[in-house]
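First up is the structure itself, then whatever we jot down about it.
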Amino acid sequence: MKAKLEQLKNTFSGAIFYDDLHRILYATDASVYRKLPLAVAYPKHIADLKLLIDFANTNNTSLIPRTAGTSLAGQCVGEGIVVDVSKYFTEILTIDETAKTVTVQPGVVRDALNNHLKATHLFFGPNTSTSNRCMIGGMVGNNSSGTTSIKYGVTRDKVIEMDVLLSDGSEVTFGEITTEEFHQKRTLNTLEGTIYQKVYDMLSDEANQQEITAQFPKEAIHRRNTGYAIDELLKSKPFSANGETFNMCKLLSGSEGTLAFTTQITLQLDELPPTQSCVVAAHYKSIEDCLQSVSLTMQHNLYTCEMMDKIILDCTKSNLAQAKNRFFVKGDPQAILLLELRSNSEEDLQTQTKALIASLENENKSYHYPVLKGDEISKAMELRKAGLGLLGNIIGDKKAVACIEDTAVALEDLADYIDEFSQLMAKYQQKAVYYAHAGAGELHLRPILNLKKKADVVLFRKITHDVAKLVKKYNGSFSGEHGDGIVRAEFIPIMIGAKNYELLKEVKAVFDPNNIFNPGKIVDAAKMDTSLRYEIDRTEPEIETLYDFSDSEGILRAAEKCNGSGDCRKPASFSGAMCPSYRATTNEKDTTRARANALREFLTVSEKENKFDHKELKEVFDLCLSCKACASECPSNVDVAALKAEFLHQYYKSNKPTFRDKAFAFSTKSNRLASKFPGLSNFAKTNRFTSKMIKNRLGVAQERTLPINSSKTLDKIIQNSLNQLNANILKSKKIYVFSDEFTNYLESDIGQDALIVLSKLGYEIKHVSHEESGRTFISKGFLAEAKKVANKNVNIFKDLINENAVLVGIEPSAILTFRDEYIRLADDKEAAKKIAKHTYLLEEFLAAEIKAGEITSESFTEEAKNIKIHVHCYQKALSNQKCTYDILNLPKNYKPTIIASGCCGMAGSFGYEKEHYEVSMKVGEQSLFPAVRAAEVDTIIAANGTSCRHQIKDGTDKDALHPITVLRRALI
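What follows is the structure, given as structure tokens:
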């Protein structure tokens, strides 16, 4: 087969991979399943798709279509060729403002589409929790709905027309057709004609009509995605005299790529919702009270009615990015309903809000009703959206498993259904997770199971089977929006009856006689407890690491925390920094998810003595910038920077590090030597001839400028001026200034600025001889050396640092090592944690003192300045950006703004390395460089990372200042 794939590759415009790495990366999705595909294809054009269809028909294989952000049920795993259209089929083709329609390719991201549509005052309504990376093709395949469905319906309601390739490779457009056109279609001597004829024969049969009407979910349930939507076709002409116009798109929506391959989609748009909005966050002391309250709340004109339970809320406490979004939570609620109201009139909105709260108070089932507005709403909704991924934070092998998480019942049945469901869970000693779309009668209910163990796999089946029967009792839908995939397809006969299931098989057979499109989904599915991600009752691999991964119960479980939710595939146009390499390449291989999945796979199945010794792992980690964004932005807190550092450390045991690796890792040693002869060193680095030689020897991109040494080290400056600096102590707090290796040798002028500011403000400056931070060792995987440094520094500072004598640092990547990596490296964990508790980035310390009233604007100029701020990735991940804003906002007439930028792209040595230079620049060009270039000439660019400042200089030819330099210049 490899020879045939190679032949196909030679005629293919896009890319085809059948190496182990790509097959591993596409063997899983956001479900519990794993199937190694034959190959992975990235088609560029429709001609490529036709080649794939012909190949599948000729070689008895299959095509599994894939975009991103919509597969929880195993829809996107299979043993054929995974066809990923997320890279090239990404165009917004046409917009018709009059008709309120848009035509897109399937790889367009939902939120990106709506951003593009803003100027038209139109938007696409269905809104999944993954909307910043999920794609329209997947939304159609799943018939997605999301938070807005109670107002704007589901995806099926919005699909007007679809251009598809049928299983014989023919191009067909499905859309609304009259009854006369329908009958004309039946006469076509083509596969399209055969399909229309089969649909007519099937749905005009009276017995079939009665069976469909009797067995399919209640019509009141608008989130209904069980099987193929033949019940929807039955409502249309010619099968219903007063029905809607026939549109085959109703059937294709929710068909999970099993009937045809979609190439473009025309969608009906809605006008943007009313401009004024608020959310009432009703708190409940029990799940029962919350669910019984839903019917009452839905009597109001709600735009969303979303639920979070205590388990979800508790998960958010330990997530760095989400903890700040808990501001509205009072006490310890068992559940919260987020109830959104909208109006074009503030007065009317207030009236609606008062009426809703009055209803809730009169009902007496809830206890707290904060009213959220503006950014508060997006923060609360982000908290709810993060629910799915946050469940991956459960430490250990037990996880909240997607199997019964997509049930939908009629609203009047919701409370009774959940009551019976809870009894069922109690029978299995389960405390389920309740969250999601209460107003639509759908809750994402998840049992907590360990699918590595046979006993829980048995429970997995029993619970799913019993819940399927319970849903059927209420004539509900077993899949509201997540699809059948593998996990639910087996139970479709229970849900719609055996006769209707046979009709679905006939639908599949007529569309896809050779079974090439995503086989085993919806019909003829495998058993739901086969092809699981983990081998059942396996002997758990024991992986020894230098880093302490006990917070995740080992490095393997740290990698297994990734549940595939795909937050790392957010385009660069959205907030956050994760994942800069994916944003630059748009390759799945360069995501956080890919790195975690690859590491999990090799640590699990490798038969090598050194399980880290695989070139595939080296490849997948290669473009990781170690920016730490995933440590905070990934809902499961998958810290790939830590995984990469450990991987490199272990990999070097079997593969010697390169000269360049060593040079960068031990750069502090060379800078220390160069600081003795700074003039000579700087000449060599700046002279055209010698700098070229240095770059060639180190494998550094010739386009880069090399950092030069300071004429005097920060250590010497402190030693020579400490008495003078402490001549006017006014504050009780003592500050130990950490002289990091970058500031000390390369930018001691910034360190001097920090000393001057602290001295002028009356703080006592302390200094003790200490080691470098170890950052260069960590970033290059020299963890044994980093551990020695960490232990020495912990020993030096453990008896010095406390709440009145704090450790303060200037370079984020260096000082924040005390709060992050030292906890994994140090032998004396308690001492390391104690130091971490009182360790601050300089801006953090100053901002806290400003808040406490210890520092006022009286010490600074009243001159007006505009400042644009770019903050280091480590600060974004381990601290916050606001502290930098706060200190630069202190001078009365300074007007700082934070650039909405992700990673700058330099990331220490990464951007210097010649093979990474292009990616580094692409990352910078995503948002940072354009913002810097757009700044007025007299606007100050502030950046607190040494790498960031160098990247800004190399990428824009503009000088950026450290925030403390800006503040020092503002002193009076």
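Number 789 in the numbering used here belongs to position 734 of the sequence shown; there are no gaps in the numbering.
Cβ coordinates follow ideal geometry from the N, Cα and C atoms, glycine included.
Rounded C-alpha distance that separates residue i from residue j
i: GLY135; j: PRO120; result: 10 Å
i: LYS409; j: SER398; result: 14 Å
i: HIS176; j: PRO161; result: 22 Å
i: PHE237; j: LYS554; result: 25 Å
i: GLU1084; j: LEU896; result: No answer is possible for residue 1084: it lies beyond the span of the chain, which begins at 56 and ends at 1027.
i: LYS482; j: ILE541; result: 25 Å
i: CYS938; j: THR318; result: 47 Å
i: GLN484; j: GLY966; result: 52 Å
i: THR185; j: PRO568; result: 34 Å
i: TYR602; j: ILE267; result: 59 Å
i: THR203; j: ARG278; result: 12 Å
i: GLN804; j: HIS537; result: Checking the displayed sequence, the identity of residue 804 turns out to be Asp instead of Gln. Roughly 56 Å between the two C-alpha positions.
i: ASN114; j: THR66; result: 16 Å
i: PHE732; j: ASP1014; result: 25 Å
i: HIS1017; j: LEU368; result: 38 Å
i: HIS971; j: GLU431; result: 39 Å
i: GLU796; j: THR723; result: 6 Å
i: ASN530; j: LYS273; result: 6 Å
Opening and closing residue of the beta strand (DSSP E) in which residue i lies
i: ILE922; result: 920-925
i: GLU216; result: 214-220
i: GLY864; result: 860-864
i: GLU231; result: 226-232
i: GLU819; result: 819-821
i: TYR97; result: 94-97
i: TYR895; result: 894-896
Sequence-distant residues of its chain with Cβ nearer than 8 Å to residue i (five each side left out)
i: LEU658; result: PRO596, ILE598, ILE610, LEU611, ALA614, LYS666 and PHE667
i: LEU1064; result: Nothing can be reported for residue 1064, as the shown portion of the chain is limited to 56 through 1027.
Residue i and residue j closer than 8 Å at C-beta
i: VAL792; j: ARG1023; result: no
i: ASP286; j: PHE271; result: yes
i: ALA82; j: LYS90; result: yes
i: VAL926; j: PHE900; result: no
i: LEU703; j: LYS835; result: yes
i: ALA902; j: ASP941; result: yes
i: GLU216; j: GLY230; result: yes
i: ILE833; j: ALA700; result: yes
i: PHE383; j: ALA435; result: yes
i: CYS345; j: LEU392; result: yes
i: ARG874; j: ALA891; result: yes
i: CYS689; j: THR647; result: yes
i: VAL488; j: ASP364; result: yes
Continuous alpha helix (DSSP H) stretch holding residue i: start and end
i: TYR637; result: 635-640
i: MET976; result: 972-981
i: SER722; result: 722-729
i: SER834; result: 830-834
i: PRO120; result: It is not in any alpha helix (DSSP H) - PRO120 instead sits in the beta strand (DSSP E) that spans 118-121.
i: ALA962; result: Here ALA962 belongs to no alpha helix (DSSP H), and DSSP marks it neither H nor E.
i: HIS1005; result: 1001-1011
i: CYS304; result: 304-307
i: VAL1021; result: 1018-1025
Local Cβ density within 10 Å of residue i, reported as buried at 16 or more and exposed below that
i: ARG593; result: exposed
i: VAL823; result: exposed
i: ASP1009; result: buried
i: LEU438; result: buried
i: ILE1019; result: buried
i: VAL349; result: buried
Sequence-distant residues of its chain with Cβ nearer than 7 Å to residue i (five each side left out)
i: TYR556; result: ILE547 and PRO548
i: CYS928; result: ALA632, CYS682, LYS683, ALA684 and CYS958
Beta-carbon proximity list for residue i, same chain, < 6 Å, skipping 5 on both sides
i: GLY196; result: GLU311 and GLY312
i: ARG715; result: LEU753 and GLY754
i: ASN726; result: TYR800
i: PRO98; result: GLY69 and LEU104
i: PRO574; result: SER117
i: LYS563; result: VAL578
i: GLU343; result: none
i: ALA639; result: VAL974, LYS977 and VAL978
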